[in-house]
Structures are given as structure tokens and as C-alpha cells.
Amino acid sequence: MVTVIDYSSPGPLTSLHGARLEAVEPIPTGIIDVCGLAAGLVIQPNDAQALGLPNERFPQNQIRPVGELVDAFLSLDSKPLTDRREPNHRVIGTCRHFAARCSGIAGSHRVSDAASPHGMNVR
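Mapping of the sequence shown onto our numbering: residues 10 to 132, in sequence order.
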């Protein structure tokens with residue numbers, strides 16, 4: 010029997026379950042704009058190191074569920090996620106953090122042009 014994955018529904022890593030949803034409002038309606046938000050929330054490990062961010066912040070790089078990422082964003086800066094953070098108030102992360110955050114936000118808001126991991130339009 011073939012298992013069908015519904016990419017239009019949040020998965021265990023892209024669900025915003027438990028996250029403070031008021032922090033993700035208002036969210037842009039296009040996927041390009043949603044993705045643009047991530048650049049103001051995440052800082053690459055090399056850039057964080059160059060800034061001299063404390064070593065105890067580097068485990069943020071291992072956060073997987075997007076709900077936990079939202080909590081991490083808000084613990085550093087309580088402004089809505091649509092507000093760009095200064096580099097020292099961004100979560101230390103990699104491209105996975107950008108992708109998970111974008112997928113979670115886009116999926117929760119039913120952004121019309123969100124794509125599956127395989128490049129297929131899911132809505």
C-alpha cells in the first residue's frame with residue numbers, strides 16, 4: 010500500500026502548534042514575502058561567531074520544530090515576526106531554519122503559492 014503525504018497540511022516539524030500565533034500576524038500573502046521575513050529572524054553560525062555571540066546561543070542551530078523556532082525568536086525579541094531583528098537578536102540557524110519557518114508560516118496561513126519540498130504546487 011502506498012502512503013500519500015499531504016504536503017498542504019503541517020507536519021511535525023512545520024506545525025505551529027503551541028506557538029504564540031499572535032506573533033505571526035499579520036503575515037504577507039505571497040511566498041516570496043514570507044521567505045523574505047526569515048532573513049530578519051535567523052543569522053548564520055559563521056556570522057554569529059564573527060559578531061561574538063555567546064557560545065550558549067549556538068545550540069539554537071539544532072532547533073527543528075517551527076513552533077520551537079517561533080518561541081526562540083520571541084525569547085530574543087518579543088516584537089512580531091514581521092519585524093526585522095538586529096543580528097544579535099536573531100536565532101542562530103541555517104538554511105533549514107529558513108525553510109522550516111517559511112513552510113510553517115506559509116502552511117498555517119494557506120499562502121497560495123507555497124510549494125512542496127518536491128517543487129510541486131500544493132494549493
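From the three backbone atoms N, C-alpha and C, an ideal C-beta is built for every residue, glycine too. The structure presented is a predicted model; accordingly, all values stated were derived computationally and were not measured.
V43 sits in a helix when the DSSP states are folded into three classes. Residue range 75-85 is occupied by the alpha helix (DSSP H) that includes F82. Beyond the five residues adjoining it in sequence on each side, V100 comes within less than 8 Å, by CB distance, of L50, V51, I52, Q69, I72, L78, A81, F82, L85, H106 in the same chain, given in chain order. Following the DSSP letters along the chain, one finds L60 inside the alpha helix (DSSP H) bounded by residues 54-60. Around the beta carbon of L60, a 10 Å sphere encloses fewer than 16 other beta carbons of the protein chains shown; the residue is thus reported as exposed. Under a 10 Å Cβ-count criterion, G45 is classified as exposed, with fewer than 16 other Cβ atoms of the shown protein chains found around its own Cβ. P54 is positioned such that its CB atom lies closer than 9 Å to that of T103.
A direct Cα-Cα distance of roughly 33 Å separates L62 from G39. Here the C-alpha atom of N97 lies approximately 49 Å from the C-alpha atom of M10. Around the Cβ of A48, a 10 Å sphere holds fewer than 16 other Cβ atoms; the residue is exposed.
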